[in-house]
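Novice:
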Amino acid sequence: MSLSSYFLALSLTIFLEVIVGLLFNLVLKLKTRTLVYSLVLINLITHPILTYSLWLINSKTRINITTPHILIAEALVVLIEYLLLKLTLPQKTRYLAILSLTANLASFVAGYLIF
Amino acid sequence: MILVILVAVFVGIVYIAKADMYDPGWLTKECQPGETEVSCSFSYSKPFSDRVGDAVCKKYETDPNYYELVSHASTWGGGIRFCKKVTSAQPNLINPNPSNLELVKPQPTSSDEQQTTQPIPQPTPPDYTWPIGVGVGVISVVALALLMRIKKQSVPK
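Quick look at the structure:
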């Protein structure tokens, strides 16, 4: 995969998650800029690590990455993103869990449906 | 207002970019050890038209020494990744007339005899594991540091 292709995939993921975050913010009423910055930075942490881990597992162990692997990895990402959101924005933590789940579900389903 | 703009932009680009949300195969598939990977890209002059600018792709598609590893395509174009098959020593062909092909074994010389006992060295692809890993680590640490800064600002003392 070329670097430009990866950055395109990362940008689209961030874009989708920010849209979901902004929709949630209609209820959360958090500072928009803080929420957007947080979502972008959190995705800059989780997305490269997830992609690199999958690539590493595939290239070093020759394990074929299948949907169950992706689902487990996505579940971990949901958890990590929730914890980071909770750390950054300690208000309304229950909603942040739903936000993390919905945002990741949206990007996952979009990737599956669109491709 | 920001939300409306973002949704509008997204709706506008989603059709163009739809297939560029790569599947795991495009991200993770690799050639077998010893094989060399090559890739090519192509584009469409308009959606559902013939591929343009894909002379390189066609070259590899028709070359029996290469096989397709994975491909992707969107409305604007796409790419194909090929692997070069690992082949043993090629036989020498004389007379290019297909009806009269003849295989000729080369006469062994002292240096050839030495070579046959040694394995054929395969070009090893460069290993980017560490540089990419370091890059991912640096990006993650910087992003985490910025996140902590946001936390300090967002949490009232």
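Residue numbers (our numbering), protein chains in the order written: chain P, 1 to 115; chain R, 1001 to 1157. The beta-carbon is built from N, C-alpha and C at its ideal position, and this holds for glycine as well.
1. For a test of the three-state rule: what should DSSP assign to Leu23(P), helix, strand or coil?
2. Name the chain P residues whose beta carbon is nearer than 8 Å to that of Glu1030(R)?
3. Between Val100(P) and Ile1150(R), is the Cβ-Cβ spacing less than 7 Å?
4. Name the chain P residues whose beta carbon is nearer than 8 Å to that of Gly1078(R)?
5. With distance defined between alpha-carbon atoms, name the residue in Ala110(P), Pro90(P), Ser107(P) nearest to Lys1152(R).
6. Less than 7 Å between CB atoms is the rule here; does Leu44(P) satisfy it with respect to chain R?
7. Taking 7 Å as the CB-CB limit, is Leu1069(R) close to chain P?
8. Using a beta-carbon distance below 7 Å, is Ile14(P) in contact with chain R?
9. Starting from Val45(P), trace the alpha helix (DSSP H) in both directions and tell me its first and last residue.
10. Look at the Cβ atom of Glu17(P), then the Cβ atom of Asn43(P), and state whether they are nearer than 7 Å.
11. In angstroms, rounded to a whole number, what distance separates the CA positions of Ile19(P) and Leu1146(R)?
12. Using the beta-carbon of each residue, which ones in chain P are nearer than 7 Å to Thr1036(R)?
13. Counting only beta-carbon separations shorter than 7 Å, does Lys1136(R) have a partner in chain P?
14. Could you tell me the distance, in whole angstroms, from the CA atom of Ile1132(R) to the CA atom of Arg94(P)?
15. Tell me, please, whether the stretch 21 to 32 of chain P touches the stretch 1135 to 1146 of chain R by the rule of three or more beta-carbon pairs shorter than 8 Å.
16. Distance check for Arg1081(R) and Lys1105(R), CA to CA, integer angstroms please.
17. According to a CB-to-CB cut-off of less than 8 Å, which residues of the stretch 71 to 102 of chain P neighbour chain R?
18. Does Ala1143(R) come within less than 7 Å of chain P when only Cβ atoms are used?
19. Using the beta-carbon of each residue, which ones in chain R are nearer than 7 Å to Pro48(P)?
20. Tell me the residue span of the alpha helix (DSSP H) that contains Lys1058(R).
21. Using alpha carbons as the reference points, say which of Ser1039(R), Cys1083(R), Tyr1128(R), Arg1051(R) lies closest to Cys1031(R).
22. Show which residues of chain R have a CB atom less than 9 Å away from the CB atom of Ser38(P).
23. Nearest-angstrom Cα distance between Ile80(P) and Lys60(P)?
24. Taking only the alpha-carbon atoms, compute the straight-line gap between Glu1037(R) and Ser1043(R) and give it to the nearest angstrom.
25. With H, G and I counted as helix, E and B as strand and the rest as coil, what does DSSP make of Thr1036(R)?
26. Below 8 Å on the Cβ atoms is my guess for Thr1028(R) versus Ile49(P); work out the distance and round it to an integer in Å.
27. Below 8 Å on the Cβ atoms is my guess for Leu83(P) versus His47(P); work out the distance and round it to an integer in Å.
28. Any beta-carbon of chain R closer than 7 Å to the one on Leu10(P)?
29. Please state if the CB of Thr34(P) and the CB of Ser1071(R) are separated by a distance shorter than 7 Å.
Specialist: Looking at the atomic coordinates:
1. helix
2. Asn58, Ser59
3. According to the sequence provided, residue 100(P) is Ser. The question's Val does not apply to it. It is not a contact, given that the beta carbons lie outside the stated cut-off.
4. The premise fails here: Gly1078(R) is roughly 11 Å from chain P at the closest Cβ pair, so nothing lies under 8 Å.
5. Pro90(P)
6. yes
7. no
8. no
9. A small correction: the amino acid at residue 45(P) is Ile; Val does not occupy that position in the sequence shown. 32 to 61 is the extent of the alpha helix (DSSP H) around Ile45(P).
10. yes
11. 21 Å
12. Here the premise fails: no neighbours, minimum Cβ distance about 15 Å.
13. According to the sequence shown, residue 1136(R) is Val rather than Lys. Yes, Val1136(R) lies at the interface with chain P (some Cβ there is under 7 Å from its Cβ).
14. When only Cα atoms are considered, Ile1132(R) and Arg94(P) end up about 35 Å apart.
15. no
16. Low per-residue confidence applies at Lys1105(R): pLDDT is 45, beneath 50, and the placement is therefore not dependable, though the value from the model is reported in the following sentence. C-alpha separation (whole angstroms): 34 Å.
17. Leu84, Leu87, Thr88, Leu89, Pro90
18. yes
19. Residues of chain R with a Cβ closer than 7 Å to the Cβ of Pro48(P) are, in chain order, Val1136, Ile1139, Ser1140.
20. 1055 to 1062
21. Cys1083(R)
22. Leu1147, Ile1150, Lys1151, Ser1154
23. 25 Å
24. 21 Å
25. strand
26. Between Ile49(P) and Thr1028(R) the Cβ distance is about 15 Å, and since that is not below 8 Å, they are no contact.
27. Incorrect: roughly 16 Å between the Cβ atoms, too far for contact.
28. no
29. Their beta carbons are not under 7 Å apart, which means Ser1071(R) does not touch Thr34(P) by this criterion.
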